[in-house]
Each structure stands twice: as structure tokens, then as C-alpha cells.
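Novice:
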Amino acid sequence: MYYRCGQLELIHLQDCHVAYPEHNHACTFTVGMVLAGGVMLEHRQQARRILPGQMFWIAPYEAHAITPVSAYDMLSLSVHTDLMQQEHMPTVVGVLQQAFSCVFRHDHLQAGCIERFSQALEAICAWQQVHFHTPRLLLEMKHLQQSAGDAEMRLERLAAQVGVSKYHLIRKFKRECGLTPHQFQIQGKVRKAQRLLEQNGAIAGVAQDAGFYDQSHLTRHFKHLLGLTPCAYKRVFIPIRLSTGYPE
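Okay, so the sequence shown: first residue is 1 according to full-length UniProt numbering, each after it adds one.
1. Taking just the CA atoms, how far does A202 sit from F212?
2. What number of angstroms, rounded off, separates the C-alpha of G112 from the C-alpha of I124?
3. Could you check which residue in D82, K189, C16 and P90 has the C-alpha nearest to that of I66?
4. Just how far apart, CA to CA, sit V162 and R105?
5. Given L8, which residues of its chain have a CB within under 6 Å of its CB, disregarding the five upstream and five downstream residues?
6. Could you give the DSSP three-state label for M33: helix, strand or coil?
7. Specify the secondary structure class of M89 as computed by DSSP and reduced to three states.
8. Quick one: using the 10 Å Cβ neighbour count with 16 as the cut-off for buried, is P230 buried or exposed?
9. Please give me, in chain order, every unbroken run of the beta strand (DSSP E) with length at least 3 that falls completely inside the stretch 128-213.
10. Along the chain, where does the alpha helix (DSSP H) that runs through Q14 open and close?
11. Run the CB neighbour count on H168, radius 10 Å, all protein chains shown included, and call it buried at 16 or more, exposed below.
12. Are R116 and M1 close, meaning C-beta to C-beta below 8 Å?
13. Give the straight-line distance between the Cα atoms of R220 and H64, rounded to the nearest whole angstrom.
14. For the candidate residues Y61, A47 and W57, whose alpha-carbon lies nearest to that of P68?
15. Return the chain-ordered ranges of every beta strand (DSSP E) run that is complete within the stretch 62-121 and spans a minimum of 3 residues.
16. Beta-carbon separation of W57 and V39 under 8 Å?
17. Taking 7 Å as the limit between beta carbons, can you name the residues of its chain near F100, skipping five residues before and five after?
18. Would you tell me roughly how many angstroms separate the C-alpha atoms of K172 and C102, rounded to the nearest one?
19. Comparing alpha-carbon positions, which option in A207, I238, P239 and V190 lies nearest H224?
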């Protein structure tokens, strides 16, 4: 199931066999915890097995991949960088409590997970104040995306602006942002499609609005990245609504 409240998303996977290919998360910190089974996490040029009760976290734009060791249950929490401030933590924890109440039937399991995720978020808050910054190339790429021309033309324009060849730029972008410019662009379209589907958009219209050629083009990339079709995603998405105090 996928739970969302503004800039916070909680994913609860059960008896899952899905492998997630190399990708990153733009502007969000991700904290994961395996509940059953096991996965292999490829991250920071290392591969390590994550077993039940073990956690991991991933900073924005860090490329990573997940491969199942066996069928697994896992929680994955994504929190936007804007919320990763000490003053927002009480509200973020409140959202977690509401989401975990949907996931767990037993209060002691819910309380244990909330405590561990809260501790992880507190540690990440302290880490990001010192270590995190948005890659400069990405900021320049976003600016150029607003300009005229197709993707190839914009890439050549950025290469000229940085003073390197297009192919050197692609390698530099992957090194700084975790993915190639093309991979990053496709991933961004899929994320946009997710948000539109969450607003109950019709799949054909979502495909067009997110920048895909057609519905089949959307479905292919959506399933490759998320492990399920747009239609299935609409079925498993659950919005979490709070009355006040939560920054959207």
C-alpha cells in the first residue's frame, strides 16, 4: 500500500518479489526497514543484505537498487528535504503514527516502528545540515528544462554552458546526480504521473500530462520503476489527511 500526506510518503510492501532497478529520489530522504524476508541493497558502490529488523537510509539523488533475496515485507518512508528540520519533526511523527495505525494491528509493533523511524529521522536532520546540498548541475538542468528545444538540444546547450562535451556532461551528471540525464527525465515523468494518479486522473490523460507519448509508454516506464501498473497504483494508494499544522 502507498500512503501519502503532502510531502511524506509511506510504502508498505507485503510478500513482495519486486526488484527496483537503479534509481534515486529527488529532494527526498528515504528510510527503509525490512520486516520479513530479505533484500539486497546496492548503494554507494556497495551491496549489502538487509534482513528483518534492519534499517537503511538514502539521501536525495543517491543512486540505489533493491533486489529481493526472498519474498519480503518492507516499510519505506520518503520525506521531502523541506520537512527534514527539527521544527517539523513533531508533525512528521504525527503523520507516521496515523500511517502506521493502518499498517499494524498491534500497538506494540506500531510503537516500536515509530520510535525507530523517529530516531532515524532525527539523525538524518543533523546529518543534512552539515553534508547535504543539491547538485549544481541539477539546478542548471532544471533551469534549462524551462527553455525552448527538445531534450537533446537542451543537453547540448547545458554542455556548452558548463564547457564540456555532451558525453562528458552525461558522465558528470550521472556522477553528481546518480542517473544519466535521460534516466532522470524519465523518472521525473513517472513521479509526476504518480501525483496525477493520486488525484484520480484518467490514465490516458495522465500519460499525456506527464509527458509520455501514450498510455502504453507510461505503463512500460511506470511498471519498470515502481513494479506495478498505473491502474494497480490507483488501487493501492491511500491519502492521509490532517486538518492543520502540516506543510504541503
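Every residue, glycine too, gets a C-beta built ideally from N, C-alpha and C.
A quick note: this is a predicted structure, and the numbers were derived from the prediction, not measured.
Specialist: Based on what the coordinates show:
1. 14 Å
2. 19 Å
3. C16
4. 54 Å
5. V79 and V95
6. strand
7. helix
8. buried
9. none
10. Run containing Q14: none in the alpha helix (DSSP H); it sits in the beta strand (DSSP E), L8 to C16.
11. exposed
12. no
13. 20 Å
14. A47
15. 64-68 and 72-80
16. no
17. Q110, C113 and I114
18. 42 Å
19. V190
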